[in-house]
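Asks: I have a structure I would like to understand better, so I am pasting it below and will then ask my questions one at a time.
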Amino acid sequence: MKLMSSQFKTVYINTFQKEMRNKSILILLALTIAIIFIFNAAFGFFSGLLEGSPLPTDGAIGKFPLIAFYTFLESWSVLIAVTLGVSIVQSDEENNVIPQLLSFPIKRWEYLLARILGGWTIVILYYLFSISFAQFLFFMSAKVFLASEQIIFAVVNSCLIVLPAIFLSVFFTLFTNKIFAFILTFLSTSVITWANLSIGSASISEILEKLDGTSFFAGGIHYLLPRVGVLNSFTNEILQGQNLSFGLYATTYIHYAVSVVLFFLFISVLFKKKDF
Amino acid sequence: MLVIDAQNVSKSYGNIKALNNLSLNVAAGSVYALLGPNGSGKTTFVKSILGLVKPDGGDIKLNGIESTNVECRDGISYLPEKFNFFPYYTVLGVVKFYGAMKGLKGSELEEQAINAVKSLQIEDLVSKKIKQCSKGQVQRTGIAAMLMGDSKLLILDEPFSGLDPIAIKELKDLLIELKNKGITLFINSHILSEMEKLCDHAAILDKGEIIAQGELSTMLNGVSLEDFFYTKVKK
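Residue numbers (the working numbering), protein chains in the order written: chain A, 5 to 280; chain B, 1410 to 1644.
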C-alpha cells in the first residue's frame, strides 16, 4: 500500500505553487525582513554603546532581547499561519476549483491534509528563513552566532504551535469568510492560551474539586485542544534557561499529538459533509 | 454494462427539491444527454454522481462501485459548466496537473499532455497563462485536461456554453471522435440542436424529476428534439 497517493502529492505541491503567490504572505515576508533589519540595527547601536566590554556568547543580546526576538518571530509565524490557513481551502472555493479537485479519485481527508501540510511546510520554511536571516545579520554585525540547544528547541516548538493555528483557521473557513475566520482564529488561539494558563499544571481531580462554569470551560479546552499556551510557555522557560521535568514534556507532547489528530478527524468529518 | 446506475436519488435544499426520486442508467459506450431547463437539477445530479453533493436518499453507482467510494472516480473525467483553474497556471500546466491527479508521471505525463493539447489544437497556447486566455481557450484547456489519463467516462456540464460557433463545431467533432473510440459521454446541456446530432440516449429533467428518458430515436418517434422537449417541459 502506498503511503501517499499521487493525488495527495499533486495537491501538496500545488499548495506551494498557490500560496507562494499569496500577496498577504509576500507582504508579511517583506515586513519580517524589514523588522529583522531594524532589530539588527538596534542591536548594533546598543552594542556600540557597550564597545570595549567583551561580548558574551548567548548573552550577547541578553536574555530579554533573545526572548523578545523569538516571541516576535513566533507570533509573526502564527500570523503567517492564520493568513495561510484562511486561504488554503477557501481560495479553492473562490476560484471554483474545488469541485474539479474533488472530482478526482482523492479522498476528502487526503485533500484537506495535503492542503494543511502544504501550508504548514510553507510556515516552517518562512520561520526557518526568518531565523537564519536574523542569525546571519547578527553574525555579520557582531561576529556572534546565536545557536544553542535552547534556540533549536524554541524553533521546533514554534513549528508545532503554528499547526493548530492552521487547523483552526481552516475549520472556521468551513463556515465563514476569510476575514471572520481570521478574527475567530485569533480569538480562539487567545482563549486556548488563557485556558492553558488558567488550568496550568492542575490535575483533573484538582479541577473537579473547585469546578465552576469557568473552570469547566477552560478545562474542556485545555484537555480537548492542542495546548499551544503550554508549548509557548515551554519556549520562554527554556530560553530563560529553566529546566523542565521530562514528565511534563512527555505529557504535553503526547497530548499535542493525540489532540491534533483528533482535531483533524473532526475537521475532516465536517468537510466530508460539505456540498460543493 | 452500466457505467452510471442511479436509483431514486433525491436532494433538497431547504424546501426546494433539486432532485426527486431520480433514476437513470447509462450504458458503456453511449452518449447520454441530460436535458432540462435552467434550474431543473442537472448540475446537482452531476455533482451527486461525483460525490460533490451528498444526496438525501437513493443510490448511485459508477462502474458498479458506490459513488461514496473514491475508487469509482478512477477513469472518469469531469468538465464543470464554467471551467476555471488557478490563473497563474499555463495551459500546459493545467493539462499536466490533471494528468498528475490521474496518477500519470514522467514521460507518460508529458506525452499525453502534448497529445491532449494537439487534439484540441491549442499547441500554440501551451505557455499562455489561464488568466490571459479567452473564455473559449479556457474551455478548450479544460477539455484537453479531461482527455488525460485515458478516461472511459467523460462527464461534461454544459460544454458548449460560452463557445463560438467554430469552437462548438470543433468540440462536437471531438466528442464524436471520442464516442467512436468507445468512450462514454454524459452531457448536461440545454443546447438541443447540438445534442440531437450527438447523443444516442437522453433524459429530460424538469423540477428535479425525469419526465422522459430512453433511446433518442425511439423517444422522439420522428419529432425533433426541440419540439419533443418543448412539449414535455411545457405540459
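The C-beta atom is built at its ideal place from N, Cα and C for all residues, glycine as well.
Are G1484 (chain B) and M1557 (chain B) touching if we call contact CB-CB under 8 angstroms?
Replies: no
Asks: Does DSSP put A1538 (chain B) in a helix, a strand or coil?
Replies: Looking at the sequence shown, residue 1538 (chain B) is not Ala but Lys. In the structure shown, K1538 (chain B) sits in a strand (DSSP, three-state: E or B).
Asks: Any C-beta of chain B within less than 7 angstroms: which residues of the stretch 97-110 of chain A qualify?
Replies: N99, N100, V101, P103, Q104, L106, S107, F108, P109, I110
Asks: For Q21 (chain A), name the three-state secondary structure that DSSP assigns.
Replies: Here Q21 (chain A) sits in helix by DSSP.
Asks: From the beta carbon of E1480 (chain B), is the nearest beta carbon of chain D less than 8 angstroms away?
Replies: The displayed structure is made up of protein chains A and B, and chain D is not among them.
Asks: State the CB to CB distance for the pair F47 (chain A) and F108 (chain A), rounded to an integer number of angstroms; the pair is presumed to be in contact (CB under 8 angstroms).
Replies: So it is not a contact: roughly 51 angstroms between Cβ atoms.
Asks: One question on the structure: do A1415 (chain B) and S1421 (chain B) come within less than 8 angstroms of each other, judged by their Cβ atoms?
Replies: no
Asks: From the DSSP output, in three-state form, read off H226 (chain A) for me.
Replies: helix
Asks: With distances taken Cα to Cα, identify the nearest neighbour of T87 (chain A) among A:F12, A:I183, A:N44.
Replies: A:I183
Asks: Report the rounded CA-to-CA distance for I1539 (chain B) versus N1493 (chain B), giving the unit in angstroms.
Replies: 8 angstroms
Asks: For F1595 (chain B), which beta-bridge partners are listed by DSSP?
Replies: Answer is B:Y1441, B:I1564, bridged to F1595 (chain B).
Asks: Based on the DSSP secondary-structure assignment, which residues constitute the bridge partners of S1411 (chain B)?
Replies: Before going further, note that residue 1411 (chain B) is Leu rather than Ser in the sequence given. According to DSSP, L1411 (chain B) bridges with B:A1436.
Asks: For A1509 (chain B), go through chain A and note every residue whose CB falls closer than 7 angstroms to its CB, in chain order.
Replies: S10, T14
Asks: Roughly how many whole angstroms lie between the Cα atoms of T1673 (chain B) and M1604 (chain B)?
Replies: This structure cannot speak to residue 1673 (chain B), because chain B is shown only from 1410 to 1644.
Asks: What in chain B is Cβ-close to F280 (chain A), meaning under 8 angstroms?
Replies: Going along chain B in sequence order, the residues near F280 (chain A) (Cβ under 8 angstroms) are K1456, L1461, V1462.
Asks: Drop a sphere of 10 angstroms on the beta-carbon of M1510 (chain B), count the other beta-carbons inside from all chains shown, and report buried for 16 or more, exposed for fewer.
Replies: The C-beta of M1510 (chain B) has 16 or more other C-beta atoms within 10 Å across all chains shown, which makes the residue buried.
Asks: Take P1568 (chain B) as the anchor and find which of B:A1436, B:L1601, B:D1468, B:V1418 has the nearest alpha-carbon.
Replies: Minimum Cα distance to P1568 (chain B) is reached at B:L1601.
Asks: When you compare the CB of F1636 (chain B) with every CB in chain A, is at least one pair closer than 8 angstroms?
Replies: Note that residue 1636 (chain B) corresponds to Asp in the displayed sequence, not to Phe. With 8 angstroms as the cut-off, D1636 (chain B) does not count as an interface residue toward chain A.
Asks: Is the CB of G1512 (chain B) under 8 angstroms away from at least one CB in chain A?
Replies: yes
Asks: I'd like to know whether the C-beta of F1569 (chain B) is nearer than 8 angstroms to at least one C-beta of chain A.
Replies: Not one chain A Cβ lies under 8 angstroms of F1569 (chain B).
Asks: Have a look at V1500 (chain B) and V234 (chain A) and give me their C-alpha separation to the nearest angstrom.
Replies: Looking at the two C-alpha atoms, the distance is approximately 48 angstroms.
Asks: Below 7 angstroms CB to CB, which residues in the same chain sit around L274 (chain A) once its five sequence neighbours on both sides are set aside?
Replies: L178
Asks: Taking CB distances under 8 angstroms as the criterion, tell me whether Y1487 (chain B) reaches chain A.
Replies: Look at Y1487 (chain B): its C-beta is under 8 angstroms from a C-beta on chain A.
Asks: Would you report the Cα separation of C1542 (chain B) and A1437 (chain B), rounded to the nearest angstrom?
Replies: 34 angstroms
Asks: Of all the residues that make up the stretch 24-51 of chain A, which are near chain B by a beta-carbon distance shorter than 8 angstroms?
Replies: Residues of the stretch 24-51 of chain A with a C-beta less than 8 angstroms from any C-beta of chain B: R25, listed in chain order.
Asks: Does any residue of chain A have a CB that is nearer than 8 angstroms to the CB of I1413 (chain B)?
Replies: no
Asks: Please confirm if K182 (chain A) has its CB atom under 8 angstroms from at least one CB of chain B.
Replies: no
Asks: For R25 (chain A), count neighbouring Cβ atoms within 10 angstroms of its own Cβ and tell me buried if that reaches 16, exposed if not.
Replies: exposed
Asks: Suppose only complete runs of 4+ residues qualify. What are the alpha helix (DSSP H) ranges in the stretch 1459-1525 of chain B, listed by chain order?
Replies: 1500-1510
Asks: So the beta strand (DSSP E) L201 (chain A) belongs to, where does it begin and stop?
Replies: Per DSSP, L201 (chain A) belongs to no beta strand (DSSP E); it is in the alpha helix (DSSP H), 182-203.
Asks: Could you check where the alpha helix (DSSP H) with E153 (chain A) kicks off and where it finishes?
Replies: 153-177
Asks: List the DSSP bridge partners of L1697 (chain B).
Replies: Only positions 1410 to 1644 of chain B appear in this structure, which leaves residue 1697 (chain B) out of reach.
Asks: CB-CB under 6 angstroms to T14 (chain A), same chain, minus the five flanking residues each way: which ones, in chain order?
Replies: none
Asks: For the alpha helix (DSSP H) holding S1549 (chain B), just list the boundary residues, first then last.
Replies: Note that residue 1549 (chain B) is Arg in the sequence shown, not Ser. Segment 1544-1555, the alpha helix (DSSP H) holding R1549 (chain B).
Asks: Is there a Cβ of chain A sitting closer than 8 angstroms to that of Y1441 (chain B), yes or no?
Replies: no
Asks: Alpha helix (DSSP H) containing K276 (chain A): first to last residue?
Replies: 250-277
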